[in-house]
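Per the numbering used here, the sequence shown runs over residues -5 to 245.
Just so you know, even glycine gets a beta-carbon here, dropped at the ideal spot from N, CA and C.
Have a look at the structure below, then the notes.
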Amino acid sequence: MEIFRVLIMLSMYAVIVKAQVLIAGLIMAVGSIGYTAYKSYESYETCQPPWISQDPDAVAIALNNEWKQKVFGQDLALRVLKSTLRSHLRRVADGKSKKALVYSFHGGVGTGKTFVGSLLANILYKNGESSTFVRRLHLIDMLSNVKTIAEKRNIIKNEIKSIVKLCSRSLIIFEEIDKLEEGIIDVLFSNFDYFQSIDNVDYRNTIFIFSSNVGAREINHEACIQFNKTKQRDEFDAEQFYKILRHSSFY
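In structure tokens, the structure reads:
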């Protein structure tokens, strides 16, 4: 009888040990799954730091350093970009942004319009141009098979909406907008204005960049005039270039 009791106790002990091992195994498995899930979440790009730079001053410093190393002869552009970008990011960080930040880069082929867009993307986003929240749209190719202006306008509007809906702090770059038919791109004008949201999408934190060859000859001519006067690119009068762009774009 005593032997039987010992066998039963040993049997129970074995069951308990197996149960403990099983529980320990489950805990390790759950822990492993949890760690994997955490690492997966950690590597998943989100619309917030550290994936998107939020410090206005750090961005301005990075822009200045990168610009000095990689861009030549665009001191006026740097001055304007650094000031407006820092102000916009500060308002975004404080939750006080009232409208989207919109840039229009003008100049001939090879003047750095595309490169500057890439530079901004690499400074603002951890994944640079590969970021989910950076989109470069070649509208001529994108709309090549679309017949009517109304259809083209609708496609552009829906494309922008889907991008910004995913992340309000997206960077959207439009290439060669001067090659589009008149009346297409103005479908986005309301997205740049003082609205909290349009169709339940908030565009106030978004950055839009338009590149165009419009006014390239006039810009070069004015640059020569001002260079002969001052010899210093960082002393160029920005207002004169604004006048040229307004006249070239609308007349």
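Rounded separation between residue i and residue j - CA only
i	j	result
ALA18	CYS41	Below a pLDDT of 50, predicted positions are generally treated as unreliable, and ALA18, at 47, falls in that range; the measurement from the model is reported next regardless. Each residue's alpha carbon lies about 38 angstroms from the other.
ALA23	SER37	Low per-residue confidence applies at ALA23: pLDDT is 46, beneath 50, and the placement is therefore not dependable, though the value from the model is reported in the following sentence. Roughly 21 angstroms separates the two Cα atoms.
ARG85	PHE202	16 angstroms
SER81	THR142	39 angstroms
LEU118	LYS92	20 angstroms
GLY89	ILE219	42 angstroms
THR224	PHE235	15 angstroms
GLY102	SER124	26 angstroms
ASP172	ALA87	33 angstroms
TYR188	ARG211	33 angstroms
ASN222	ALA115	34 angstroms
Identity of the residues DSSP links to residue i by a beta bridge
i	result
SER206	HIS100
GLU169	HIS132
VAL195	ILE192
ILE201	LEU95 and LEU165
ILE46	TYR119
Other residues of its chain near residue i: CB distance less than 7 angstroms, five sequence neighbours each side excluded
i	result
ILE149	LEU137 and VAL140
HIS215	none
ARG147	ILE178 and VAL181
Short Cβ contact (8 angstroms threshold) for residue i with residue j
i	j	result
LEU182	ILE154	yes
LEU165	VAL128	yes
VAL65	GLY106	yes
VAL53	LEU79	yes
ARG163	ILE46	yes
PRO50	LEU83	yes
GLY111	ILE179	no
LEU113	GLU60	yes
Cut-off 8 angstroms between Cβ atoms - residues of its own chain near residue i, not counting five sequence neighbours on either side
i	result
GLU170	HIS132, LEU133, ILE134, SER205, SER206 and ASN207
Start and end residues, alpha helix (DSSP H) containing residue i
i	result
LEU113	107 to 118
ASP231	Taken as a continuous stretch (DSSP letters only), ASP231 belongs to no alpha helix (DSSP H), as it is neither H nor E.
ASN59	50 to 64
SER81	69 to 87
LEU160	143 to 160
Cβ neighbours of residue i in the same chain (closer than 6 angstroms, five flanking residues each side left out)
i	result
GLY209	HIS100, ILE238, LEU239 and SER242
TYR197	ALA94, VAL158 and ASN185
Minimum Cβ-Cβ distance from residue i to chain C less than 8 angstroms
i	result
TYR97	Of the protein chains in the structure, only one exists, and it is not chain C.
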